[in-house]
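Asker:
There are 2 protein chains.
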Amino acid sequence: MARLRNVDEDAALQGAMRAFWQHGYQALGTRQLEAETGITRFTLQTTYGGKMALFVQTLDAYLDQMDAHMLPEMADGTLDTLAGWFERRCDPARNPEAGRWGCLMIASINAFADTEPAVSARAVRFETMLREAFAGALAQIDQAGALSPDLNRGAATQMLVAASIGLNTVIRAAGDCRAGTKIADGIAAMVRGWAS
Amino acid sequence: MARLRNVDEDAALQGAMRAFWQHGYQALGTRQLEAETGITRFTLQTTYGGKMALFVQTLDAYLDQMDAHMLPEMADGTLDTLAGWFERRCDPARNPEAGRWGCLMIASINAFADTEPAVSARAVRFETMLREAFAGALAQIDQAGALSPDLNRGAATQMLVAASIGLNTVIRAAGDCRAGTKIADGIAAMVRGWAS
DNA sequence: TAGTATTCTATCCAAGTGGATAGATAATTG
DNA sequence: CAATTATCTATCCACTTGGATAGAATACTA
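Structure, rendered in structure tokens:
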């Protein structure tokens, strides 16, 4: 019916996600975005509605992927898998290449603070997802009888939410997953200490 | 000898710090910086050496202030004071007005990742300061005999470093100290659980 | 093969960027 | 009071920004 796009829709969104992830929203110009992703500046306007609209779509796609992968990767009813999730975050071989830039959502929160409602809404979803994932992982471990009765479940959940954000921030500061190793090992040791 | 500046040196640096803190480096133009701080665009060039040079000076000043206040505020040999440090972070009355924008250094890390050596160097100092502050606070508590022998001191230190970064990120997302209350209370509860 | 619909290429644009500079202004010194 | 020195005000600059648009290219359909 009509001319095809240079880059298929899925690759375009993933490429845009990677570009925003690495550079951040403000530091990434539309010309550089085109060069790195193949998304034409024309297409950016006509099919995505501009830079900000595309950015918000990448945030949604990012959170969708988190939602799909996070719980399965950290929760199998054992404390060791939850602890290992933090350790694996620091292994370049076990993370997407863009993982060295930390977390797209955390970078976006810091870029916009509370100035952009569309971003703030995604920040709320992000925090909720984190909290539910850690709470769910702990609940599975609890049901398996592997969690110390002395552990304050709710407090541990909040702690893990904060700790995971901190870990990704330290990784981004260095541009290297491995920079988070000391912190991840510390978190993992604490988590393993919650055994019954 | 010569004409005086509109704003004295100290107020200028504090004002610039606050402006960068709230808006972030990239989102703050030099004209807006002048409007909010009184630092003339002329003075920005002649006495500070440009926007980036001033920004780096504000980072240094920020870290100096952290260095002076952090340990005294969190460490007096009791677990309760350390735990309370996280809770107080969420009380608007007990924080500078700019505290609602999270932490300047964390925002800067996210803005530049590893692209700006001058910022990366400050990020290293920041992480070191956090680690030493928490390790020092725990050591004081330990010396007072108030720390459980079962606690992995090193792991707890790493956990607190990450958690404090996460707490500030959540605060920045909302532009409100109080948004961190749930997380801070969780961290505080965990910390209090480390009693001997 | 001709028509149609969509994307791409190549500009153009107004607005904003950080930085530089010339002349006016003000405060201290002699 | 006059000279000096540093800052302020007001431009000017080259460059980049996100966005808009006109014409060429391309891939289906009839």
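Taken in order, these protein sequences are the chains called A and B. In the working numbering, each number is its position in the first sequence, counted from 1, plus 79. In the working numbering, each number is its position in the second sequence, counted from 1, plus 79. The beta carbon of each residue, even a glycine, is placed where N, CA and C say it ideally should be.
1. Using a Cβ-Cβ distance under 8 Å, would A/LEU246 count as near chain B?
2. Starting from A/LEU226, follow its DSSP beta bridges and name the residues at the other end.
3. Looking only at its own chain, which residues have a Cβ that is under 7 Å from the Cβ of A/ALA190, when we skip the five neighbours before and after it?
4. Between which residues of its own chain and B/PHE165 is the CB-CB distance below 6 Å, once the five residues before and five after are set aside?
5. The alpha helix (DSSP H) spanning B/ALA279 covers which residue range?
6. In angstroms with no decimal places, state the Cα-to-Cα distance between A/THR122 and A/ARG84.
7. Over the uninterrupted alpha helix (DSSP H) stretch that includes B/ARG82, give me the two end residues.
8. Going along chain B in order, which residues have a C-beta closer than 8 Å to the C-beta of A/ASN174?
9. Suppose you measure from the CA of B/ASP159 to the CA of B/ARG271; what does that come to, to the nearest Å?
10. So which residues of chain B does A/GLY197 contact, with C-beta pairs closer than 9 Å?
11. Which residues of chain A have a Cβ atom closer than 9 Å to the Cβ of B/VAL249, listed in chain order?
12. Please list the partners that A/TRP180 has in chain B, where partner means a Cβ-to-Cβ separation under 7 Å.
13. Could you spell out the range, first to last residue, of the alpha helix (DSSP H) harbouring B/GLY163?
14. Let me make sure I understand the geometry here. Which of A/PRO228, A/ALA95, A/TYR127, A/ILE244 has the alpha-carbon closest to that of A/ILE185?
15. Go through the stretch 138–208 of chain B residue by residue and report every complete run of the alpha helix (DSSP H) that reaches 4 residues or more, in order.
16. Give a yes or no on whether the minimum CB-CB distance between A/HIS269 and chain B is below 8 Å.
17. If contact is defined by three or more beta carbon pairs under 8 Å, each pair taking one atom from either stretch, is the stretch 162–180 of chain B in contact with the stretch 253–262 of chain B?
18. With a 10 Å radius around its C-beta and 16 neighbouring C-beta atoms as the bar for buried, classify A/SER187 as buried or exposed.
19. Can you tell me whether A/GLN111 is buried or exposed, with buried defined as 16 or more other CB within 10 angstroms of its CB?
20. Taking any Cβ of chain A, which residues in the stretch 101–118 of chain B have a Cβ under 7 Å from it, in chain order?
21. In or out: A/THR310 buried (at least 16 other Cβ within 10 Å) or exposed?
22. Smallest Cα separation from B/SER275: which of B/LEU226, B/GLN144, B/ILE118?
23. When we look at the beta-carbon of B/THR248 and count the other beta-carbons within 10 Å, is it buried (16 or more) or exposed?
24. Taking Cβ-Cβ distances shorter than 7 Å, what residues in chain A pair up with B/LYS261?
Answerer: Reading it off the structure:
1. It does: the Cβ of A/LEU246 has a partner Cβ on chain B nearer than 8 Å.
2. DSSP output for A/LEU226 lists A/ALA274 as bridge partner(s).
3. Here the set comprises GLY103, TYR104, GLN105.
4. Same-chain partners within the cutoff: ALA263, ILE266, ALA267.
5. The structure shown does not extend to residue 279 of chain B, since chain B spans only 80 to 275, so no value can be given for it.
6. Approximately 9 Å between the Cα atoms of the pair.
7. It is not in any alpha helix (DSSP H) - B/ARG82 carries neither H nor E in the DSSP assignment.
8. Correct list: empty, because the minimum Cβ distance to chain B is about 16 Å.
9. Going by the C-alpha atoms only, they are around 6 Å apart.
10. According to the sequence as given, residue 197 of chain A is Ala; it is not Gly. Here the premise fails: no neighbours, minimum Cβ distance about 13 Å.
11. The answer, in chain order, is ILE188, ALA202, GLU206, VAL240, ALA241, ILE244.
12. Result: ALA192.
13. For B/GLY163, the uninterrupted alpha helix (DSSP H) segment begins and ends at 158–167.
14. When each option's Cα is compared against that of A/ILE185, the closest is A/ILE244.
15. List check, alpha helix (DSSP H) in window: 158–167, 183–191.
16. Reading off the sequence shown, one finds Met at residue 269 of chain A, where the question assumed His. It does: the Cβ of A/MET269 has a partner Cβ on chain B nearer than 8 Å.
17. The stretch 253–262 of chain B, when compared against the stretch 162–180 of chain B, does touch it at the 8 Å Cβ threshold.
18. The C-beta of A/SER187 has 16 or more other C-beta atoms within 10 Å across all chains shown, which makes the residue buried.
19. By the neighbour-count definition (other C-beta atoms within 10 Å, threshold 16), A/GLN111 is an exposed residue.
20. Within the stretch 101–118 of chain B, the residues whose Cβ lies closer than 7 Å to any Cβ of chain A are, in chain order, GLY103, GLN105, ALA106.
21. For chain A, the structure presents residues 80 to 275; residue 310 of chain A sits outside this window and is missing.
22. Nearest C-alpha to B/SER275: B/LEU226.
23. Label assigned to B/THR248: buried.
24. The contacting residues are GLN237.
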